[in-house]
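Engineer: Attaching a single structure in structure tokens format; questions to follow.
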Amino acid sequence: MKLLKEKKNELDEVNKEFLAETLNGSALLHEALSTFVDDKLKIESLEGVIKVEKRCDGLKEKYVQVLYKDKRALPFLVEDRYNILMMIDTVNDKMEFFSRFLRIYPFKLYKEIKDEFRNLYRACSLAVEMLVDCATLIETDFDGAYKKTFEIEEKKREARTAKFNLLGKVYKMNDNPTKVYLTSKLVTYMYDIVSWAEETSDYLRGLIIKYPSK
Amino acid sequence: MGKMALEYIVIIFLVISIIISFGIGANDETMAPLYGSRILNMKQILILAAIFAIGGALLLGEGVSKSVGDKILLLDYEATGINQNAVVMTILISTALVLILSSAFGLPISSTHATIGGIIGLGMLLGGGGGVNWSTILEMSIWWLASPIVGYTVTYSVVKILNKRKLKFLKGFKDFERSENKYSYIILIIICITAFSRAGNDCSNAVGIVIGAGDGINLTLLLIITGLGLAAGIMVLGRIVIKSLGKMTELRPSTAFAVQVPTAAVMLIGTIQKIPLSGSHLLVASLVGLSKASNTPMKKGLWKIIAIWLLTFPIAAILSIIIYFPINLLI
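Here the protein sequences come in this chain order: A and B.
The numbering used here numbers the first residue of the first sequence as 1 and each following residue consecutively.
The numbering used here numbers the first residue of the second sequence as 1001 and each following residue consecutively.
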């Protein structure tokens, strides 16, 4: 039983570290995007996001190793926590993918879409932050986490509006088709981050309902 | 009967008692909630089940019963010259075979039903319609119908009460985890006690026939062999039943508690009041009650279990008729 407790504590620690790294990744992406909108893209921030994703992958591996290092029955809730971790890891993957894409994006952002683009990346950062909050809250406060899931949903709606406003403007641009195409991709890939964050929050809401609180 | 012949018969009886204990062990679903709620994994469960099967058989199995079917079979052995040993053995072997067969398909059945089915078959074969005490069967059948209803109702109510309590006090995963941990210790203790007492109870049926076969038999050794038979049954086929029942609906330590405690309590009341309730029926009905109360879906297979419950009687009856003749010739 002592071993089981140690294992659980180790899993808790890895989980906390993982969530902190995710938050760090989101902050770095936000920083990179704010500089990108001002036409002074800070490549180090993008590199930071990529490094964060790599660290998260390492933590994920560590989590799996702790989980399966002995053949005990899975302690209660471990499977659900593992699923949450995997889903948040996909958020990290999407942020990393977006960062790599932005690093090779060869144009400056259209002036006409800068404001809307800010709305989109703010919604994106907030959604990821809220998701990490939600995953932390679910440990001690079902009600708080439950409310948070709706806030994430709201952010997704905002991001969706921003995305289609942006795409509407981009598609009407009478410009280099490569730039139009790649800019539309930029918008879509960023929206994917919010969209996945919202999907993860849906899963969290499902768990809150499953462990009866609502 | 010569000395050799007696030894020969004792050996046959011993082998048959092992088959019976194997059959009973194979259909022992006591540990299913532990597996379903993942408190222990299958390997740990089987080790624990084997320990308690041997321990229970050795320490509690001395209350040997040789009165299988006394109340239900209306046969005058002396007047008709029917071999009572052959009758008892037939009933026990047919019970064991039905249990082994259903366990191989992962279907938990009532060993009482299998025994009664065998008794009905033999009673009708040897004494016609009057060979069976139908009024006792009718009285018992009311409880057979009542068992699942009681299991369902009690568990449904317990789950609802537990959920209400959780709504008030459990605020997050951490609280939940702490609460579930407590339940997992409680359920572990309850199931171990149940497995221990059940092994003692079950081995009586297997040991009875050997004790009846001759004097001077080492009872301790016999109980150990029976316990090993029970343990082997659990390990070889019991795991299929444990797995299929444990996975019937989503279980957590607290819901496993809600399933197991009412089952054990109702069984205890039934035993004290001498009401023949079926532990398997109670457990399956409790799982259905849990599923309904907590809005979690039941896995496929419930109807298969209900079908085998209904078929247990005719299968056991036919089987006992078939095997009675060779057994009668042998003894």
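Using N, Cα and C, we set each Cβ at its ideal position, and we do this for glycine too.
Taking the C-alpha atoms as reference points, what is the distance between Val170/A and Ala27/A?
Structural biologist: So the two alpha carbons sit approximately 26 Å from each other.
Engineer: Quick one: residues in its chain with C-beta nearer than 7 Å to the C-beta of Lys94/A, no 5 flanking neighbours on either side, listed in chain order?
Structural biologist: Closer than 7 Å at the Cβ level, and outside the excluded window around Lys94/A, lie Asp192, Ile193 and Trp196.
Engineer: Find the nearest neighbour of Leu11/A within the set Ile43/A, Leu85/A and Tyr110/A, judged by alpha-carbon distance.
Structural biologist: Ranking Ile43/A, Leu85/A and Tyr110/A by Cα distance to Leu11/A puts Leu85/A first.
Engineer: Taking 8 Å as the threshold (beta carbon to beta carbon), is Gly1025/B in contact with chain A?
Structural biologist: Chain A, which has no Cβ nearer than 8 Å to the Cβ of Gly1025/B, makes this no.
Engineer: Does the beta-carbon distance from Thr1263/B to Thr1296/B come in below 8 Å?
Structural biologist: No, Cβ-Cβ distance for Thr1263/B and Thr1296/B is not below 8 Å.
Engineer: Under 7 Å Cβ to Cβ from Lys16/A, same chain only, skipping five residues before and after it: list those, please.
Structural biologist: Hits under 7 Å: none found.
Engineer: For the alpha helix (DSSP H) containing Ile1323/B, name the first residue and the last one.
Structural biologist: Leu1302 to Leu1330 is the span of the alpha helix (DSSP H), which, as asked, contains Ile1323/B.
Engineer: Cβ closer than 7 Å: which chain A residues qualify as neighbours of Phe1173/B?
Structural biologist: Chain A residues near Phe1173/B: Leu77, Ile138 and Glu139.
Engineer: Can you check the segment 1135–1202 of chain B for any beta strand (DSSP E) of at least 3 residues that lies completely inside it and give the ranges in chain order?
Structural biologist: Runs of the beta strand (DSSP E) inside the segment 1135–1202 of chain B: none found.
Engineer: Below 8 Å between beta carbons is the criterion; list the residues of the segment 1174–1196 of chain B that meet it against any residue of chain A, in chain order.
Structural biologist: Cβ contacts with chain A come from Lys1174, Asp1175, Phe1176, Glu1177, Glu1180, Asn1181 and Ser1184.
Engineer: Going by DSSP in three states, Leu1221/B sits in which element: helix, strand or coil?
Structural biologist: In this structure, Leu1221/B counts as helix in the three-state DSSP scheme.
Engineer: Using a cut-off of 7 Å between C-beta atoms, extract the partners of Phe142/A located in chain B.
Structural biologist: The contacting residues are Lys1171 and Gly1172.
Engineer: Could one say the Cβ of Ala73/A lies closer than 8 Å to chain B's Cβ atoms, at least one of them?
Structural biologist: In this predicted model, Ala73/A has a pLDDT of only 49, less than 50, meaning its place in the structure is not dependable enough to derive any value.
Engineer: Can you tell me whether DSSP reads Leu1073/B as helix, strand or coil?
Structural biologist: The answer is strand: DSSP assigns Leu1073/B an E or B state.
Engineer: If the cut-off is 9 Å on Cβ atoms, which residues from the segment 155–179 of chain A count as contacting chain B, listed in chain order?
Structural biologist: From the segment 155–179 of chain A, no residue has a Cβ closer than 9 Å to chain B.
Engineer: List the residues that DSSP assigns as beta-bridge partners of Val1132/B.
Structural biologist: Leu1073/B, per the DSSP bridge assignment.
Engineer: Looking at the structure shown, is Asp133/A part of a helix, part of a strand, or coil, going by DSSP?
Structural biologist: It is helical.
Engineer: When you compare only the Cα positions, how much space is there between His1281/B and Lys1164/B?
Structural biologist: Using only the alpha carbons, I get a separation of about 27 Å.
Engineer: According to DSSP, is Gln1273/B helix, strand or coil?
Structural biologist: If DSSP states are grouped into helix, strand and coil, Gln1273/B belongs with coil.
Engineer: How far does the alpha helix (DSSP H) with Arg157/A in it reach, from first residue to last?
Structural biologist: Phe142 to Tyr171 is the extent of the alpha helix (DSSP H) around Arg157/A.
Engineer: Give me, in chain order, the residues of the same chain whose beta-carbon lies closer than 8 Å to that of Val1132/B; leave out the 5 immediate sequence neighbours on both sides.
Structural biologist: Excluding sequence neighbours, Val1132/B sits near Ile1072, Leu1073, Leu1074, Ile1119, Ile1120, Gly1123 and Met1124.
Engineer: State yes or no: is the C-beta of Gly1151/B within less than 8 Å of the C-beta of Val1241/B?
Structural biologist: Their beta carbons are not under 8 Å apart, which means Gly1151/B does not touch Val1241/B by this criterion.
Engineer: How about Tyr63/A: is its C-beta nearer than 8 Å to some C-beta of chain B?
Structural biologist: With 8 Å as the cut-off, Tyr63/A does not count as an interface residue toward chain B.
Engineer: Counting only beta-carbon separations shorter than 8 Å, does Tyr68/A have a partner in chain B?
Structural biologist: Not an interface residue.
Engineer: Would Tyr1156/B be called buried (16 or more neighbouring beta carbons within 10 Å of its own) or exposed?
Structural biologist: Counting Cβ neighbours within 10 Å, Tyr1156/B comes out buried, since at least 16 surround it.
Engineer: Kindly list, in the order they appear in chain B, the residues whose Cβ is closer than 9 Å to that of Tyr82/A.
Structural biologist: By Cβ distance, chain B contributes nothing, its closest Cβ being about 13 Å from Tyr82/A, past 9 Å.
Engineer: At least one CB of chain B closer than 8 Å to the CB of Tyr211/A: is that the case?
Structural biologist: For Tyr211/A, the answer is yes, since a Cβ of chain B falls inside 8 Å of its Cβ.
Engineer: Using CA coordinates, which residue listed in Leu1237/B, Phe1325/B, Val1159/B and Pro1276/B is at the minimum distance from Met1042/B?
Structural biologist: Here the closest residue by C-alpha is Leu1237/B.
Engineer: Check Thr22/A in the structure and name its three-state DSSP category.
Structural biologist: Helix.
Engineer: Measuring straight from C-alpha to C-alpha, what distance separates Glu61/A and Glu199/A?
Structural biologist: About 23 Å.
Engineer: Rounded to the nearest angstrom, how far is the Cβ of Ala1293/B from that of Val1159/B, given a contact under 8 Å?
Structural biologist: Confirmed, Cβ separation roughly 4 Å.
Engineer: Is the beta carbon of Pro1108/B closer than 8 Å to that of Gly1246/B?
Structural biologist: No, Cβ-Cβ distance for Gly1246/B and Pro1108/B is not below 8 Å.
Engineer: My output table needs one value for Tyr191/A: the three-state DSSP class, helix, strand or coil.
Structural biologist: Reduced to three states, the DSSP call for Tyr191/A is helix.
Engineer: Taking 8 Å as the threshold, find out whether the segment 1040–1057 of chain B comes into contact with the segment 1223–1230 of chain B through three or more Cβ pairs.
Structural biologist: Verdict: yes, contact present.
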